[in-house]
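When we follow the working numbering, the leftmost residue of the sequence shown carries the number 4, and every step to the right adds one. Ideal placement from N, C-alpha and C gives every residue a C-beta, glycine not left out. This report concerns only the one structure given below.
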Amino acid sequence: MFSRNLFKIFYVYLIFSFFILNVYAISATTLPINPYNDINPVIGDVITQEGTEYTLSNFSYDPNIAGVIVEKPQISFRDVNIENPYYVTNSGEVLVNVTNANGNIAAGDYLTTSETPGKAVKALETGYIIGTALSSFESPTQGDEGQIYVNLDFKMFYPSTNISSNIVDILRSSVSSPFLTPIESLRYLLVFVVVISSFIIGFNSFGRIAKETVESLARNPLASGPIKKVMIFNFVLTGIIMAIGLGIAYLILIL
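Here it is as structure tokens:
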């Protein structure tokens with residue numbers, strides 16, 4: 004009886020260990036990565052997909068991020084047909100090569116791709132990011148390079164100081180990126196529907212009310228005061244409807 008219970012405990016422990024390993028382990032797959040202008044990829048570089056080829060990411064807010072090169076992933080999938088393969092992952096906490104071209108990096112900062120091939124920088128504008136810095140990188144000289152741990156999470160970044168251009172950037176990035184998930188696509192579609200609907204309802208209501216107001220003034224000029232007040236009230240109400248629509252759209256983007 005004791006040995007049977009011991010075997011059950013050991014069996015449960017193995018299942019639990021396997022579950023923990025799969026949750027926290029870094030899984031990677033092999034990719035055939037080409038150099039960029041004779042710059043060979045190294046561990047920690049950010050990789051992008053250009054058509055059917057993979058190379059070092061070389062421009063800011065790259066929407067075609069494929070992942071980051073890692074050295075020894077716990078779980079790996081290797082293509083035996085690839086010569087000199089590089090292990091690339093798109094999730095987990097990994098070392099990433101960074102530069103302070105956009106300023107020193109602090110823990111918690113969002114990072115994106117840069118014009119320095121393979122290197123990540125602090126994200127300052129709306130666009131695609133690679134994840135969140137888990138440690139800091141500071142240097143008195145702008146453009147210096149280093150390596151820090153990053154929690155990978157490829158997604159759109161919307162700084163609060165740049166709300167007005169978010170919708171345009173979203174539509175542009177949505178068209179250019181082949182890595183949109185169904186949830187992201189639904190989010191962008193909802194934003195588009197909410198914004199357009201709020202403006203259509205607002206302008207339609209205001210146009211109808213304005214027409215009725217003009218007709219009322221023509222029939223009864225002595226009641227111009229109350230009629231103008233009603234028109235102003237409806238104008239304000241129209242603005243509130245549009246503002247609510249924009250507010251809902253913004254909440255869809257950030258939540």
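Other residues of its chain near residue i: CB distance less than 8 Å, five sequence neighbours each side excluded
i      : result
Leu249 : Val198, Ser201
Ala69  : Leu34, Ile50, Thr51, Gln52, Tyr57, Val91, Asn93
Val97  : Ile29, Gly47, Val71, Val73, Tyr152, Val153, Leu155
Val239 : none
Tyr39  : Thr58, Leu59, Asn61, Pro120, Gly121
Ala246 : none
Ala123 : Val49, Val99, Asn100, Val101, Thr102, Leu114, Thr115, Thr116, Ser117, Ile133, Val153
Asn37  : Glu56, Tyr57, Thr58
Separation of residue j from residue i, as counted between CA atoms
i      : j      : result
Ile244 : Leu192 : 20 Å
Val101 : Leu254 : 31 Å
Pro88  : Gln145 : 33 Å
Asn207 : Ala252 : 20 Å
Ser117 : Gly54  : 19 Å
Pro44  : Thr241 : 55 Å
Glu128 : Asn103 : 15 Å
Phe62  : Thr119 : 7 Å
Pro66  : Ser60  : 10 Å
Gln150 : Ile204 : 51 Å
Phe236 : Pro162 : 34 Å
Val99  : Asp147 : 14 Å
Val196 : Asn84  : 46 Å
Gly130 : Arg211 : 40 Å
Val26  : Lys158 : In this prediction, Val26 scores a pLDDT of 40, lower than 50, which makes its location untrustworthy; the coordinate-derived value is nonetheless stated afterwards. Roughly 20 Å separates the two Cα atoms.
Tyr64  : Ile42  : 20 Å
Pro143 : Asn105 : 13 Å
Residue i at chain B interface by Cβ criterion, 8 Å
i      : result
Ile251 : Looking at the structure shown, chain B is missing, and only one protein chain is on hand.
Contacting residues, own chain, Cβ-Cβ under 7 Å from residue i (five flanking each side not counted)
i      : result
Ala126 : Tyr113, Leu114, Thr115, Ile132, Phe160
Ala110 : Ala136, Leu137, Ser138, Ser139
Identified DSSP bridge partners for residue i
i      : result
Glu74  : Looking at the DSSP assignment, Glu74 forms no beta bridge with any residue, so it has no partner.
Phe160 : Gly130
Val49  : Val71
Gly149 : Val101
Ile85  : Bridge partners of Ile85: none, in fact.
Thr58  : Thr51
Tyr191 : The partner list for Tyr191 (beta bridge, DSSP) is empty, contrary to what the question assumes.
Tyr39  : Ile42
Leu155 : Gly95, Gly134
Inter-residue CB distance, residue i and residue j (contact presumed, cutoff 8 Å)
i      : j      : result
Met156 : Gly134 : The question names Met, yet the displayed sequence has Asp at residue 156. At roughly 4 Å, the Cβ-Cβ gap stays under 8 Å, so Asp156 and Gly134 are in contact.
Glu86  : Asn107 : That pair is no contact at about 39 Å.
heavy atom of the ligand SAH below 7 Å from residue i C-beta
i      : result
Val198 : As presented, the structure is devoid of all ligands, the ligand SAH included, so that no description of it is given.
Hey, which unbroken runs of the beta strand (DSSP E) at 3 residues or more fall wholly within the region 107-147? 113-116, 123-125, 130-136
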